[in-house]
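Colleague:
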Amino acid sequence: MENLSELWHGFTIAVTVPHLVLMVVGVLLGILVGVLPGLGAPNGVSLLLPLTFGMQPVSAIILLSSMYWGALFGGSVTSILFNIPGEPSSVATTFDGYPMARDGRPTTALATAFGSAAFGALIGVILITFLASWVAQVALAFGPAEYFAVYFLAFASFVGMGGAAPIKTIVALAIGFAIAAIGIDTVSGSVRLTMGIDELVKGVNFVVAVMGLFGIGELLVAVEEEFHARAVSSKIDWREVFRAVGRLPRHGVALLRSAAIGCWMGITPGGPTAASFMSYGIARRFSRRGRYFGTGEVEGIISPETADHAAGTSALLPMLSLGIPGSATAAVMMGGLMIWGLNPGPMLFVDQKDFVWGLIASMYVGNIVAVALVLLTVPVFAALMRIPFVVIAPLIVIICVVGAYSVSNSYLDVVMMLGFGIVGYLFKKLFYPLAPLVLAIVIGDKAEDAFRQSMLMSKGSLGIFFANKLVTCLIVAGIALLLLPLALQLARIWRKPASPATETTAHEKVII
Amino acid sequence: MGRTSIFLLSAAATVLAGTMPALSAWQPQKPIEFIATAGPGGGTDNLARAVQNIITKHKLTEQPIVVVNKGGGSGAEGYVYGKASAGDPYKVIFGTSNAWQQPLVSKVAFNYTDLTPIAAMAQDEFLLWVKQDAPYKTAGDYLKAAASGEFKMGGAQSKDTDEVLTRMIEKAGKVKLTYIPFKSGAETAVQLAGGHLESHVNNPSESLGQWRGGTQRPLCVFSPKRLPQGQKVTATEGWSDVPTCVEQGLDIKQYEQPRTVWLPGKVTTDQAAFYVDLMKKVQATPEWKDYIEKTSQVDTFLTGAEFDKFIKDDLEHVKQVAGEQGWLVK
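Chains as they are written, first to last, in the working numbering: chain A, 13 to 524; chain B, 7 to 336.
#1: Where do the N-terminal and C-terminal ends of the beta strand (DSSP E) with residue 222 of chain B fall, by residue?
#2: Just to confirm the assignment: which complete alpha helix (DSSP H) runs, minimum length 4, are found wholly within the region 49 to 124 of chain A?
#3: Since residue 326 of chain A meets chain B, which of its residues come closer than 7 Å, beta carbon to beta carbon?
#4: Whole angstroms are fine: how far does the CA of residue 269 of chain B sit from the CA of residue 208 of chain B?
#5: Measuring alpha carbon to alpha carbon, tell me which of A/102, A/307, A/397, A/220 ends up nearest residue 320 of chain A.
#6: Does the Cβ-Cβ distance between residue 149 of chain B and residue 179 of chain B come in under 8 Å?
#7: Do you know offhand how far residue 73 of chain B's Cα is from residue 44 of chain B's?
#8: Find the nearest neighbour of residue 282 of chain B within the set B/135, B/169, B/308, judged by alpha-carbon distance.
#9: Just mark residue 127 of chain B as buried or exposed, buried being the case when its beta carbon has 16 or more other beta carbons within 10 Å.
#10: Report the residue ranges of all alpha helix (DSSP H) runs contained in full by the region 69 to 98 of chain B; include only those spanning at least 4 residues, in chain order.
#11: Do the region 198 to 206 of chain A and the region 446 to 454 of chain A touch if we need at least three Cβ pairs shorter than 8 Å?
#12: Counting only beta-carbon atoms, is residue 199 of chain B nearer than 8 Å to chain A?
#13: Please classify residue 161 of chain B: does DSSP put it in a helix, a strand, or coil?
#14: Listing by chain order, which chain A residues have their CB less than 7 Å from the CB of residue 80 of chain B?
#15: Per DSSP, which residues does residue 187 of chain B bridge with? Please list them.
#16: When the Cα atoms are used, what is the spatial distance from residue 60 of chain A to residue 441 of chain A?
#17: Label residue 412 of chain A either buried or exposed according to how many other C-beta atoms from any shown protein chain fall within 10 Å of its C-beta, with 16 as the threshold for buried.
#18: Using a beta-carbon distance below 8 Å, is residue 202 of chain B in contact with chain A?
#19: Within a Cβ cutoff of 8 Å, which residues of the same chain sit near residue 216 of chain A, ignoring the five residues on either side of it in sequence?
#20: Would residue 26 of chain A and residue 490 of chain A qualify as a contact pair, given that the criterion is a beta-carbon distance under 8 Å?
#21: Can the beta-carbon of residue 60 of chain B be found less than 8 Å from the beta-carbon of residue 40 of chain B?
#22: Counting only beta-carbon separations shorter than 8 Å, does residue 89 of chain A have a partner in chain B?
#23: Looking at the structure shown, is residue 518 of chain A part of a helix, part of a strand, or coil, going by DSSP?
#24: Between the alpha carbons of residue 313 of chain B and residue 342 of chain A, how many angstroms are there, rounded?
#25: Could you tell me which uninterrupted beta strand (DSSP E) segments, each at least 3 residues in length, are contained entirely in the region 246 to 320 of chain B, listed from first to last along the chain?
#26: Have a look at residue 304 of chain B and residue 96 of chain A and give me their C-alpha separation to the nearest angstrom.
#27: From which residue to which residue does the beta strand (DSSP E) around residue 130 of chain B run?
#28: Taking the beta carbon of residue 69 of chain B as the centre, do at least 16 other beta carbons fall within 10 Å, making it buried, or is it exposed?
#29: What separation, rounded to the nearest whole angstrom, lies between the Cα atoms of residue 119 of chain B and residue 224 of chain A?
#30: Buried or exposed, going by whether 16 or more other CB atoms sit within 10 Å of the CB of residue 19 of chain B?
#31: Would you kindly check if the distance between the Cβ of residue 134 of chain B and the Cβ of residue 145 of chain B is under 8 Å?
#32: Comparing C-alpha positions only, which one of B/34, B/196, B/113, B/332 sits nearest to residue 160 of chain B?
#33: Let me know the secondary structure DSSP gives residue 206 of chain B once reduced to three states.
#34: Kindly list the residues whose CB is nearer than 7 Å to the CB of residue 431 of chain A, restricted to its own chain and excluding five residues on each side of it in sequence; keep chain order.
#35: Quick one: what's residue 203 of chain A bridged to in DSSP?
#36: Measuring alpha carbon to alpha carbon, tell me which of B/194, B/246, B/36 ends up nearest residue 222 of chain B.
Structure (structure tokens):
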């Protein structure tokens, strides 16, 4: 109850005209950086940071966090319309969002994404409001072994039941791990896999890989296939925006499950990217329409979007209460906090009540502002789909090239992005799954570090992964998810051993 | 009123007079790029952005400045970029001592000799940190407990400053520590707070919030004398209350990390002189003092022969530790 009165006090700070104006400005700027791939929330926030030095800390954090909300929403737009994820965490949204938009329903796809994203964010903020102090302690229990277990779980939930042949999934994963290994290795400090290119010491940036694999890759496929090359004659209907949002409660289970995954991954610093992948993977397994995932399923959009925003929001909590940034953007904001003269940590909640509760209240208001603004823009964005392919294709190339260059002002990134485009094209033509590849690029490196750190700690004993209840539960859950489909298949074979015909089909299913 | 304006005029005249000699020499003619060899939010990035702000605020140069992050490969990305930009005086690289330490221990495609040293602008101190509720009160107690050989020491990166210091502690304290490398000091601090490590050697700013929040505390500082008096960090203690490690029987007199500024190689002396002068002006501003205090660093300014000597001395020292550990690359 004490929290509620604090929150009320926070609202009196957040809901003032100057702060509302800051929120609108922040959200609009955020949508802009979110839509432009390569710019992204962390870069956007760091560009804006110097402007806030003269501001009151509370105003400054409201501006920056509003920008963050805007960027999280904006990141979904290009994923859905052009298959180019603006943010790493919106990759999973492309899997069903893009097919739905190509299918002539961009309005539905965008409105569904924004609606469920807002729901995820709301759950995240409620969690922060009521469980701040308790939740902050949970994050501390995570050492390298627990981190590895979380990443393992993310892999397992996503990879266990791939649509493609298991061997192709494994090949895609292995290529992803190899790409993630390029550059300096944290644990040994040595340079790996740079293939004589000095600049590769920096490693492969995720945005570069994803823009090529998805944006350019899809474009190459589209050029070849006449079907894609047509402009989509999408009806732009305002009512569809509200209808799509109105249909969301029907997917209540998916919403709640994804929000829970998101909050959990945001607090245990797995981050929004791992959260959205994991949520999508689990939804595909447990949804009744799971086998249609990838063709424009509503729940395939709801799951990653809800988890992404729930994680993005709750990632701010460990930052405030412990000084652990749960995402890259949170890390930049934490730098800001220090410059404004505030020290993140448990004392912030005691010393700087106005700041903390003003921020939390602004998360409620800021997200409402963001979702209102972004829903208003749906028809505008959806109209982009009407532009003929001959016009939009060069635009996509330009966006990808500029995006790749702006990651770190490097031509090598542009060349690599185009190279990834060809890889993406080949993957699609040969029916190799892109998702495991991307997942391995994103968290392969972190998973490897966590595994080797654990091994250093335990002096090489795998027992560390079963050393306490938390890590044991995570690992067992991961193994269970990995083996579940196989067990189901085996059970099916075992139940009908009589007919050799069914045995073959069951056997085939295992392979496919 | 009249007196103030006369004072301002004379102040302006002094400033003008001060900049006059520089005007006759090289001046930048297009926008300048600051390359931070760290990701957004890290110490090096904060420095680059603080310097950018001060220059812009005081109009120390006419040209706009952009900060670019090239923190890949523990900063190697930024240095390699500096090497590739030889002769370009519009690229200023902000880094640390890994400009000369990294090439010793890993096969990166640069060396500090590929760059033109401008200055070392601030020194970050190192402290020995333990968990708040750890039983040991002094570095001596810590070493006694560490004799069991089961202690885990965390740090940022591998074979970098933190691990070098860890190996020095092992030698001076005659103990064996298991070093666990993490991506950053911030990550390491969290691992200590969670009790997954016994200690780390973070810089003050990396663990300030954690100390204040009561999750970890410093045992001693690797500095010849105690840190300067400042504001209290916790209710009762401030940086100046932390004893030196030598006081407590851990015989490492000094270990510091300089924040360094470089130009690419093959620039003219005039061009280098311009930036040395620019950084000196930055250092004279009140905003700089403020930045130094907020980040709990030590204000130093080494340039020219002094800076060269500093690098040579540090290099000798690191070479020795790296040699003993078998880290040196051929």
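Built from N, CA and C at the ideal position, the CB exists for glycine as well.
Modeller: According to the data block:
#1: 222 to 227
#2: 52 to 60, 69 to 94, 103 to 114
#3: What residue 326 of chain A touches in chain B: nothing, since even the nearest Cβ is about 16 Å away.
#4: 28 Å
#5: A/102
#6: yes
#7: 11 Å
#8: B/308
#9: buried
#10: 82 to 90
#11: no
#12: yes
#13: strand
#14: 196
#15: B/161
#16: 42 Å
#17: buried
#18: yes
#19: 191, 192, 194, 195, 428, 453
#20: no
#21: no
#22: no
#23: Because the pLDDT of residue 518 of chain A is 37, which lies under 50, any placement of that residue in the model is unreliable, and the question is left without a value.
#24: 36 Å
#25: 262 to 270, 304 to 308
#26: 46 Å
#27: 121 to 131
#28: exposed
#29: 36 Å
#30: At residue 19 of chain B the pLDDT is 45, less than 50, meaning the model places this residue with poor confidence and gives no usable figure here.
#31: yes
#32: B/196
#33: strand
#34: 224
#35: A/196
#36: B/194
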